[in-house]
Structures are given as C-alpha cells and as structure tokens.
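Q: Numbering (mature numbering (1 follows the signal peptide of the UniProt record, and there is no 0)), first residue to last: -25 to -1, 1 to 1102. Note that the Cβ used here is the ideal one computed from N, Cα and C, for glycine as well. Keep in mind it's a predicted model, so treat the numbers as computed, not measured.
1. If you reduce the DSSP assignment to three classes, tell me which class residue 854 lands in.
2. My understanding is that residue 475 touches residue 504, with C-beta atoms under 8 angstroms, so please give their C-beta distance in whole angstroms.
3. Quick one: is residue 1018 buried, meaning 16 or more other Cβ sit within 10 Å of its Cβ, or exposed?
4. Measuring only from the beta carbon, is residue 154 closer than 6 angstroms to any heavy atom that is part of the ligand SAH?
5. Check whether the Cβ atoms of residue 66 and residue 85 sit closer than 7 angstroms, and answer yes or no.
6. Buried or exposed, going by whether 16 or more other CB atoms sit within 10 Å of the CB of residue 682?
7. Tell me whether residue 651 sits in a helix, a strand or coil according to DSSP, three-state version.
8. Could you name the residues of the same chain whose beta carbon sits closer than 6 angstroms to that of residue -5, not counting the 5 residues immediately before and after it, in chain order?
9. Check residue 895 in the structure and name its three-state DSSP category.
10. Compute the distance between the beta-carbons of residue 795 and residue 777, then report whether it is under 7 angstroms.
11. Going by alpha carbons, who is nearest to residue 38 out of 459, 22 and 860?
12. Hey, quick one: how far does the beta strand (DSSP E) through residue 841 stretch, first residue to last?
13. Along the chain, where does the alpha helix (DSSP H) containing residue 269 start, and where does it finish?
14. Measuring straight from C-alpha to C-alpha, what distance separates residue 19 and residue 45?
15. Among 631, 331, 1043 and 694, which one has its Cα closest to the Cα of residue 368?
16. Considering just the uninterrupted stretch of the alpha helix (DSSP H) at residue 623, what are its terminal residues?
17. Can you tell me whether residue 1104 is buried or exposed, with buried defined as 16 or more other CB within 10 angstroms of its CB?
18. For residue 162 versus residue 221, is the C-beta distance shorter than 7 angstroms?
19. Where does residue 45 fall in DSSP's three states?
20. Could you check if residue 106 is buried or exposed, using at least 16 other CB atoms within 10 Å of its CB as the buried criterion?
21. Applying the 10 Å Cβ sphere with the 16-neighbour rule, what's the burial state of residue 298?
22. For residue 940, which residues of its own chain have a beta-carbon under 6 angstroms away from its beta-carbon, when the five flanking residues on both sides are left out?
23. Measuring alpha carbon to alpha carbon, tell me which residue in 1030, 855, 924 and 867 is nearest residue 967.
24. Exposed or buried, what is residue 822 when buried is set at 16 or more other beta-carbons lying within 10 Å of its beta-carbon?
25. Quick one: is residue 914 buried, meaning 16 or more other Cβ sit within 10 Å of its Cβ, or exposed?
26. In three-state DSSP terms, what is residue 510?
27. How is the alpha helix (DSSP H) around residue 1027 delimited, first residue to last?
28. Using only the alpha-carbon positions, how far apart do residue 829 and residue 820 sit?
29. Around the C-beta of residue -3, are 16 or more other C-beta atoms found within 10 angstroms, so that it is buried, or is it exposed?
30. Which one of 732, 863 and 1088 has the shortest CA to CA distance from residue 960?
31. Using C-beta distances below 6 angstroms, list every residue in its chain close to residue 90, excluding the 5 sequence neighbours before and after it, in chain order.
32. To which residues of the same chain is residue 788 closer than 7 angstroms at the C-beta, ignoring the five residues directly before and after it?
33. Is the beta carbon of residue 1104 less than 7 angstroms from the beta carbon of residue 899?
34. Would you list, in sequence order, the uninterrupted alpha helix (DSSP H) runs of no fewer than 4 residues that lie entirely inside the segment 945 to 989?
35. Expressed to the nearest angstrom, what Euclidean distance is found between the alpha-carbon atoms of residue 362 and residue 307?
36. What is the DSSP secondary structure of residue 727, reduced to helix, strand or coil?
Here it is in structure tokens:
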C-alpha cells in the first residue's frame, strides 16, 4: 500500500536513472508556479491535484497539511487546513477528488478518513473508520470509491457502504491512486506489480497493462493518474522513467512527455506525484520534490475548416466592414481527432474586391485569418473564406426639384463656437423629388465661410449655405443647395468666474510615433468648466503639446501630461488662471523580439579600498553587461546592481569578499523570459589601522587593539536598572573614531532568566565617536529572541530600538554555515555618521527633490559576522523604531518627515512624528528597512484644496511625499483614482521600499510606471488581483476595494491587532446600503469602520461600489498612519 510522503522520497533516493527527453508534440508547455515553503503559493511535498467545473486547480500541500486553490492561470485564490484531527485539519493528506457539484473530497491519510468540503473549504461531512486511506474517486452517479490499505471500498452519494465482494477481492499488490472514466470504469496504479489495472463499476477486472522497466508502456513506480474527456489515461512515474505516459482506455501507448532528473528547466520532473486534466484539455502535473505545478495543453492540429454559408441579399451601399456585411465572428474547424470546435476569425474585408459606391450587383470572396486557443495548431496555415453577394441598387433615378430650407436659428448665445454642432444647425433637410415625393438628405453646412465672428459681443445675423449628400437613385442636376439664417444675441453683461475645470479622460493607446500635435494625439478641442453659480459650460482649449515631454522618435512606451490654456466666451472670467490638463499614454513600438539566453558576468572587482561607500559607483561596478540573444548575437544592456542587499559592510575593517547581483534593464525588442540576472564578485582590502599594530578583523569593533585603542567597562541598562555588563573599546579606523560596546553573555543571560519576558536591554554609548556599535554574540540574541526582548543602542542624539526577533539569528547562522556555534557569531548593531560620499548623495537628492535637510543623515546597520564572512540584516517584517534629535535652533514645527536615502539617491518617506523626550525634541521614525536616514522640511500646499474639506490631509500627505499633485500646484481632489495609483500611494504611505521583481499579473508590464509598486504591494499581501490573472491597473478603484487593501495594511502597522473582536454585520448594520457590499469585502470594511478610518458618506452610506476620490484616499491614509501611532 502506498504512503505518499514516504514512498515518494525513498523511491527518489534509491535510483536516479537518466533517460532522454521524451517530450512529444502531443502537448505544449504553458506555465509553472510554486516553490518550496509554507507561504501562499508555496508547497512542501505537494501530492494530489484536481480541477473543478470552473477550471480552478486544487493542490494537496501534504507537508503543510492544507489544500491550496488556484485559478487556471496559477493565481492564488484561497487555502484551508492545518495539522490536526478536527474538521478541516489534516495529517498527511494525499489525493483529492471533486464531484459534479464541485464538492471536494480529501484522502486524510494518517487520520484514516475522507473529508468532504465545499469548494470554499467549508466542512460538509466525513467518512471515518478507514485504514491508511490513500485515494478517492467519484463516478457519474456520485458513488464514492475509496482506496486504503485494505483495498477498494464503494459508497453511495450519502457515504453509505455498498456491499460488493468483488471489490474486496480485487487483485491489488501496492495500489497508489484511482480514477474513473466517463463509462464509470475504474483504473488503479499498482506500484507493486508495476502496472495499471482497469475494473468495471462492479469490481471485475477488464484489462491490465504495463511491466517493470523503462521506456514506452513500462513503469518504475507508477504513481498518480488522471483521465481526460476522451478517456485517455495519464500515468505519472519516476525513478528515472518517462515522467508522464499517456494511454488509450484500452492500454495502448499514445505518447509521453517530460524529462526526468535533468535540470530546473520547464518540462523537467524529479518526482511527479499526480496529474489532472480539466474540461478544456489543460494538463496539470504536481512535482513533490520540486514543489511546483506545471501546466500543459494537449496539442491538436486543424484538419479542415468549415466555411460559412454564403452571405446573399446584402443591400447595395452597405459599409465595407465585417460587421456591416454580417460576417460571422467564429467558424467551425475540425481537429485531427475529428472533434469540432469554434474559433475566432478576422475577415480581411479591406482587401476584398467590394466597392460600396458601385450601384451594380457584386459578388466577391472574403478570406479570414483564424485566431486559435491554446493547444490548437494550424501547421497547414488553413484559412477561412466566405462568398458575399451584394444586390444592385434600384435603377429608378429621381431628380431634386426643390429644397425646403430649415427655419431660422435664433437666440444663439453670444460667443458660441463657430461650428455647425455648436450653433445647433440640423444635420438633414427635406428635398422634393420630381415625382413630388419628399425625402430627408444629409447636409454639410459651410460655417467656416459664414460672416459670423464668435469674439464679437454684439448681435449678429448671417446665412450659412449647405451642400447636399444624396442617397443612391437621387440626382441633383440643378445643383440645388440649402441655406439657413442664424441670429446670435448680444453678450450679456453678467460676468461669471470659473471655479473649476473638469479635465478630460486620459488618452491611452496612442500609436508610437504619432506626430506631436494636439490633433494627431486626438486631444479634445473643448473642456467642461464649472462657473461660480455651479452651472457648467464647454470652452475652447489650446493644448501646449510643444512643451510636453513627449518624444515621437522614442520607440518606448511614454506617459506624459499636456496642459491647456482656456479660451473663454464673453461674460466668463478666469481670475484664478485655471488651466486644463490631460494625461496621454503612447504605446511602445512593436519590434522583433529576441530573448536573452545567457549573461556574461563581468570580471571580479578586486583591490577595493576598505571603507569604500556601499554604492555601485563607489565600488566601480560597470553600468552595463553583455548578454547573448537567442540568435547568438551579443549586445550590451544596462544593469542595476543591488548593492544594498550585498553582505558588504563599509565599517568592517577586515578583508571582505562578496557577490552583488544585478537586474537587467532591456531595450525594446529584447525579453528575459528566464529572469536572467547578472552577478559580480568584489574583494575589499583590509584597512590599515592608524597608530600601528593590530591587523584587519571581521568587524569594526572586533579589530586587534592598537596604540590608539582604549578599553573600559561600561554600564548596560536592563529594564532601566544599571548593570555592569559591558566593555567599551574605542579605536581609530580610517580616520574615523569607532566605539564598540560588547555585552557580557553570562550577566545578560542571568537577567533574562530572572526577569522573564519582554525585557529591554539598553546600551548607552555617550561618546563623540563617528561610529557606535553594540556587540552581542549569537547566543545572547537567541536567548533574547526566546524572551521577546528588545535591544536599544542609545547615544546623546540618536537611538535605535530593535526587537531581537527581527535580527533572526537562525537565518544568519544558516547563511554563515550550520556548524557555526552561536557564541562565535558577532552581531553588530551600528549607528554611524555616513561617509562623505553618502552625505553628498543625500545633499544631491535634497536639491533634486526640493526639500531641506534639517538633521544630519544617520546610518543604521545590523550585521552578523563569523570569521571573514559578514551577513547584512537590512529588512524587517515589522516596524523598527529610531529616534533622531532635532538640532538646536530648528523649529520643531518645521519638520515634515523622516526619509530614507538609498545608495542610488532614491528618496522615500518613512512614517515619522515629532516627540519630546526629557525636554528635548526628537523625531521618532518607524521603518521596515535599514539604510541612511535623514529628517527634512518639505511643505506643500495645493491651490485647489484651499477651501476643500480634505485640505489638511491632502497637504500633509503631499508634504510627506506620499501623494503627488497633477502640476501647477494643483491636486484635483475630487478626481477618481485608479487601482495602480492607489497601490502606489499605499506603498509610499507605509514607507515600503520599492524593488524590481516579477509581477504576477498578466496586464502589468515591467515598463509600466506602477510595475514596482504593484509588485511590492502584492509581495506584502496588500493586493491579490482577479481570478483571471489580471490586476486591471487602470480601472478606477471602488471604495470597498480600497477598504479591503487598507484593512490589509492595518496588519502591517499592527493596528488590526488592537481591535476588539466584533461581527462584521454588527458594524455594517447602521448603513442603509450595507447589503450592496460584496461578501468578500465586508470584513475589511468592518475593520476600517471599527478603527475609525472611514465613517461612510453622509453618515449613512458606505457607497461600496462607488469610486473613491483622491481626497478621500489622502484622508484615509493619513488616519491609518495616525491611528497606528506612526505619524
């Protein structure tokens, strides 16, 4: 009998045979997802897989004792389960099955039961008293077949036993998995007999196939099985054999695919444990050892095309488009297995011989190009065609004898634009034909040549002539024309001022290379403005395209804003000098795409001077690397070196060797589907100590003493009580004074044992040193982690308060080597004045960002060192607190925020507030990373929120660099906000560092301005996207979507943990539109309400489906940070 966790691993270790790649043209690889771990979308020995009627994929994550649910594109949807014996808990779950109602059945192996759950993971029932249950299958009648150590047992849909002695006597040796075809025949993989056994529904053997060996139709360890809609049988195998073999229902070998034990490439398998095929022919294979899911599709080629029936009787003059001609959007094709499907077709009407102006009968053929779904090929380049017949026009011709001119247009407002539409001229007039019949015909008014002057404030009367456009069968031999008299009133003396401008919707999808003119870009000629009496009118606008940043010669995607000057009619003023603006997005040019196949890493950088700044430029890293493309050509591409996350510590005086990874920035037409990166090795020389004596060491404070070194005992505070538990060493390193305080492990350990949980260990270092370091060994840190203690490094002007758990000594130890004793690891918590190069970067960033530095920059660093190897701890999973003193003479009311200045000069806000400690003002900064910090003054006031309810919130968030305006000191507070804009604001508001990475959404490209923000928001569990794998970044975000993201942010700020448990229904009940809220959103809305982040619109409405404005977002983000006590 099979034990999924045991046999998979034992069999893998027993034999690692290699066989050639047997991938066949029968399937095509689509995608892979998953990796080892216990987070969402990660697996620990995944075992079983099944799909429901909607195409969702369910994975049995055996090692994590849970079920994970994904969309068909691999997007994580939900999970349920944990270790245990209660309902919805598992102990070694193995295989899974799903019935016609999408109920989920899980073989809970070590709990000796089958659990029945809904597709949302809610417990329904269980089947107990089994013995080491392995697999489960359901037939078309809802009967349940259970495979356990005693054999196969059959139950009805109510889980009642069906007495059948044949099943109890079924000849099984070491059965692994079972599955049922459309005829209710049952198949078993028997690893003991190295074969597949087929039974009818009563347990009678129909056939058996397979034997031990390698190659087609042979098995080493037949394991999971799946059956497609044509009753083909898929078997997973490993131990060096063909990973997946496909057979007919009678056991005839069809083909195999996948490569065993080869590499990490797609289509390679180490331990394929199960396979499932959905109704669309998608194949999902789970690999227990590689901890991933691979998706394939069955390939079928088009054999023939069924052309649609001819289209006849089309009216003469019909427009030359597929829609107007009534051509079908889909046609039927026959595949190589004689199955038939409908595929989309694009008709090439433009190249057909049809002429809509020809009044005679016409017959012509239109060819069509097929658009195929995944898994369908067209190796013979089949096309579609359809015959079309257009009738001749009626041959009776009638001539116009008279034109009925329209009634005069009077009372036209002064200043009305000089167009037919603005003047209200009719688009048709009546004409009389020679048989005295009357018809309406189209008319084009020659307004341009009329005497009307829109700038004339006096009354005007004029005549406009019009040219007639005639239908087929009507002539105008006398060249009749139309005319209309128009009277424009004199301007009113009442003057109204503009109070607001409604900017037009963004212009997207503009073709690359479009001319740099308003007309070519498709910008509107008018915009709507609001007058002081709240009335609205359209006014002309002149767009300043010439000064926009758009470059028509740039083949990349471009986004820019164009401002516009308003031209006002008489009686309208613009005392506030309002302008219009419109956002424009130009698509990247299409190009021949070549993929990167290899990266040539640059030669190692050696001989770097000790103490060199931690930047790519200072270390001398090259700005470009050479890459090889799929056609073997080579090009240089830009590279961004991730120096911040390298293990290099500029304060370490010893020799350091480390590797820096680099992210490639690609030109148009080059892709990187394998996510290739660059790397470079760097060697930094040991420092030469001033004063002679001593040698280099692994950290600033661990150097050998020199004549300039002093060694004294110091006091350490344990929960505020003085303890003699530290030794201070002060030395000169590279002309910088370094003071290191080493903590006594024994004394601190005794205090931790005696004083219990949540202790605070303060290391005061009141020297004038350039660098101060608190030193603890790894064992002290481990003891502190277990007691949830906090270590604080405190100088006269700066403090750094770090929970020991955030150091994560186990992770440091793993990177240094598992055999390293914790006592031998030195953990350095360092506060330092940055080197001159870094100070220059900060000053340059201040000048560029137009803010004022009000406190000197400070470096915060945490490292773990053993020997000559140093690990940098730069990221935390909770906010870590720092304080920086406000210099004497600086007004504390002129402090805006703390900022992080990264080595590349990037500046980002971090949550900051001003506090008073012992009569002195400090800024308290909370951040999720280490880096260089400073304090800035950056006041912003947007002109258009001066009288707005959200004025304070908008100006505060703008000053803190969380939100930005639209230009010209304007914010446009009532404009709706997009999902991408909201994600970016949340990331900036929380102070999360944006990094490049793989974006999990199909509609977010690496070149998009919001790509990094969306990627980091997803990584931090703020967003999830939609089930179709999209994020829809340019959609406007609804209030309930925004509140759902805010509720997730409350977990990061720890605000949610402070809320008292309350039912969502209770919190939503006071609102009259609570029922409009989506079920998935109610919990998040309730959290926002309870925390006081939102109060509804008008006090009674949640308006969950309405869009949220820019002002509302500013207010909610400000409240989130305030109530989380971060600002």
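A: So, from the listed chains and residues:
1. Translated into positions along the chain shown, residue 854 becomes position 879. Strand.
2. In the chain shown, counting from the first residue as 1, residue 475 sits at position 500. In the chain shown, counting from the first residue as 1, residue 504 sits at position 529. The Cβ separation is near 7 angstroms, so the contact holds.
3. Taking the first residue of the chain shown as position 1, residue 1018 is located at position 1043. It is buried - the Cβ of residue 1018 has at least 16 other Cβ atoms within 10 Å.
4. Here there are no bound small molecules, and the ligand SAH is not part of this structure.
5. Residue mapping note: residue 66 aligns to position 91 of the chain shown, counting from 1. Residue mapping note: residue 85 aligns to position 110 of the chain shown, counting from 1. Yes, they are a contact pair.
6. The residue labelled residue 682 in the question sits at position 707 within the chain shown. For residue 682, the predicted model reports a pLDDT of 38, less than 50, meaning its position is unreliable; a value from the coordinates is still stated below. Flag for residue 682 reads exposed.
7. As a first step, residue 651 is located in the chain shown; it is residue number 676 there, counting from the start. Residue state, collapsed to three classes: coil.
8. Here the question's residue -5 lines up with position 21 in the chain shown. Any reading at residue -5 must be qualified, since the residue scores a pLDDT of 38, below 50, and its modelled position is unreliable; no value is offered.
9. Stepping through the chain shown from its first residue, residue 895 is reached at position 920. Strand, per DSSP.
10. Walking along the chain shown from the start, residue 795 turns up at place 820. Walking along the chain shown from the start, residue 777 turns up at place 802. Cβ distance not < 7 angstroms, so residue 795 and residue 777 don't count as in contact.
11. As a first step, residue 38 must be located in the chain shown, where it is residue number 63. Out of 459, 22 and 860, 22 has the C-alpha closest to the C-alpha of residue 38.
12. Working through the chain shown from its first residue, we reach residue 841 at position 866. Looking at the DSSP string, the run of the beta strand (DSSP E) that includes residue 841 is 827 to 841.
13. Working through the chain shown from its first residue, we reach residue 269 at position 294. Element bounds for residue 269: not the alpha helix (DSSP H) but the beta strand (DSSP E), 267 to 273.
14. Taking the first residue of the chain shown as 1, we reach residue 19 at position 44. Taking the first residue of the chain shown as 1, we reach residue 45 at position 70. Computed Cα separation, rounded: 16 angstroms.
15. Numbered from 1 along the chain shown, position 393 holds the residue referred to as residue 368. Checking every option, the nearest Cα to that of residue 368 belongs to 331.
16. Locating residue 623 in the chain shown gives position 648, where the first residue counts as 1. From DSSP, residue 623 is part of no alpha helix (DSSP H); its letter is neither H nor E.
17. Nothing can be reported for residue 1104: it is not among the residues displayed for the chain, which extend from -25 to 1102.
18. Residue mapping note: residue 162 aligns to position 187 of the chain shown, counting from 1. Residue mapping note: residue 221 aligns to position 246 of the chain shown, counting from 1. Result no, Cβ atoms of residue 162 and residue 221 do not sit closer than 7 angstroms.
19. Numbered from 1 along the chain shown, position 70 holds the residue referred to as residue 45. Strand.
20. Along the chain shown, read from residue 1 onward, the residue named residue 106 stands at position 131. Exposed, since its Cβ has fewer than 16 Cβ neighbours within 10 Å.
21. On the chain shown, position 323 is the one that residue 298 refers to. With fewer than 16 other Cβ atoms within 10 Å, it is exposed.
22. Working through the chain shown from its first residue, we reach residue 940 at position 965. Around residue 940: 917 and 946.
23. Translated into the one-based positions of the chain shown, residue 967 becomes position 992. Nearest C-alpha to residue 967: 855.
24. Reading the chain shown from its first residue, position 847 is the one you call residue 822. When all chains shown are included, residue 822 counts as exposed.
25. Position 939 of the chain shown, counted from the start, is the residue given in the question as residue 914. Burial call: exposed.
26. Start at 1 with the first residue of the chain shown, and residue 510 comes out as number 535. It is coil, neither helix nor strand.
27. Locating residue 1027 in the chain shown gives position 1052, where the first residue counts as 1. Its alpha helix (DSSP H) spans residues 1014 to 1027.
28. Within the chain shown, numbered from 1, the residue matching residue 829 stands at position 854. Within the chain shown, numbered from 1, the residue matching residue 820 stands at position 845. Taking the straight line joining both Cα atoms gives about 14 angstroms.
29. On the chain shown, residue -3 is found 23 positions in, with the first residue counted as 1. Unreliable placement is indicated for residue -3, whose pLDDT of 37 sits below 50; the coordinate value is still reported in the next sentence. Buried.
30. As a first step, residue 960 must be located in the chain shown, where it is residue number 985. Cα-wise, what sits closest to residue 960 is 1088.
31. Against the chain shown, residue 90 aligns to sequence position 115. Taken in chain order, the residues that qualify are 81, 83 and 101.
32. As a position in the chain shown, residue 788 is number 813, starting the count at 1. Contacts found: 753, 795, 797 and 800.
33. Not covered by the structure: residue 1104. The range shown for the chain is -25 to 1102.
34. 954 to 965
35. Residue 362 sits at position 387 when you count from the first residue of the chain shown. Residue 307 sits at position 332 when you count from the first residue of the chain shown. The straight-line gap from Cα to Cα measures roughly 16 angstroms.
36. Stepping through the chain shown from its first residue, residue 727 is reached at position 752. Three-state DSSP puts residue 727 in a helix.
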